[in-house]
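In our numbering, the protein residues as written are 108 to 350.
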Ligand code: ADE
């Protein structure tokens with residue numbers, strides 16, 4: 108099995124609580140804010156001799172909550188790429204899964220073959236496809252097979268809930284992992300021709316009975332622990348053999 112030859116890895120995450128188990132497991136050092144104007148958090152360390160930079164979207168200066176969603180993620184990824192010139196960009200985080208895909212809380216998916224948007228509705232020829240924005244992800248089927256992880260299309264929007272139209276769009280491309288960042292991060296990586304892979308741990312079942320926000324908060328800790336274990340295995344896979 109081939110692995111990415113990668114002198115440094117950029118990991119982008121939206122929520123501090125999702126990132127904590129990874130920071131602890133990998134012994135990453137808090138490097139402060141990445142840039143003076145933003146609250147983007149930078150952590151750094153090494154894995155198998157490879158430099159790893161983790162950027163977390165940080166807290167909103169006004170509302171003091173994690174800056175989840177595409178806006179901050181686009182900027183963190185851009186700054187991370189400009190600063191570190193990584194060979195691969197990873198986005199680790201939590202996401203909604205689908206009963207129709209037999210997803211269970213704590214399952215971890217790898218994005219494949221694309222990350223798309225479900226809430227950019229522009230009903231004009233050409234713009235419609237641009238709105239969905241199909242972004243190819245790293246060819247990870249071998250990795251998924253080796254690690255026993257699930258794969259699927261990650262579908263991104265800026266809402267925790269969804270409209271009927273969002274769901275119709277998600278179904279149209281068989282989206283099975285619903286998040287709020289992956290497609291935006293994939294887009295930035297694509298502009299720089301850098302491979303991109305999302306690793307997503309399921310906190311809630313989108314087409315299940317429980318209200319998403321309740322299920323999300325209830326399972327955030329468990330899903331983040333599960334995420335951290337699989338992120339370490341992905342890093343191991345990517346760095347095996349070194350560069
Ligand atoms: N993150 C965790 N669960 C999610 C969901 N259902 N939709 C979007 N982002 C999420």
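From the three backbone atoms N, C-alpha and C, an ideal C-beta is built for every residue, glycine too. Computed from a predicted model, the values in this text were never measured in an experiment.
Annotated three-state conformation of residue 323 is helix, per DSSP. The alpha-carbon of residue 332 is positioned some 24 Å away from that of residue 266. Taking 6 Å as the cut-off, the C-beta of residue 319 counts as close to a heavy atom of the ligand ADE. The C-beta of residue 233 has fewer than 16 other C-beta atoms within 10 Å across all chains shown, which makes the residue exposed. Residue environment: residue 242 is assigned as buried (16 or more neighbouring CB atoms within 10 Å of its CB, all protein chains considered). Selection 315, 227, 327 and 339 evaluated against residue 250 yields 339 as nearest (Cα-Cα). If you ignore the 5 residues before and after residue 182, its C-beta comes within less than 8 Å of the C-beta of 145 and 147, all in its own chain and listed in chain order. According to the DSSP assignment, residue 159 belongs to the beta strand (DSSP E) that extends over 157-163.
Linking residue 244 to residue 290 through their CA atoms gives a straight-line distance of about 9 Å. In the displayed model, residue 176 falls within coil according to three-state DSSP, outside both helix and strand.
Ranked by how close their Cα comes to the Cα of residue 198, the residues 307, 317 and 344 have 307 in first place.
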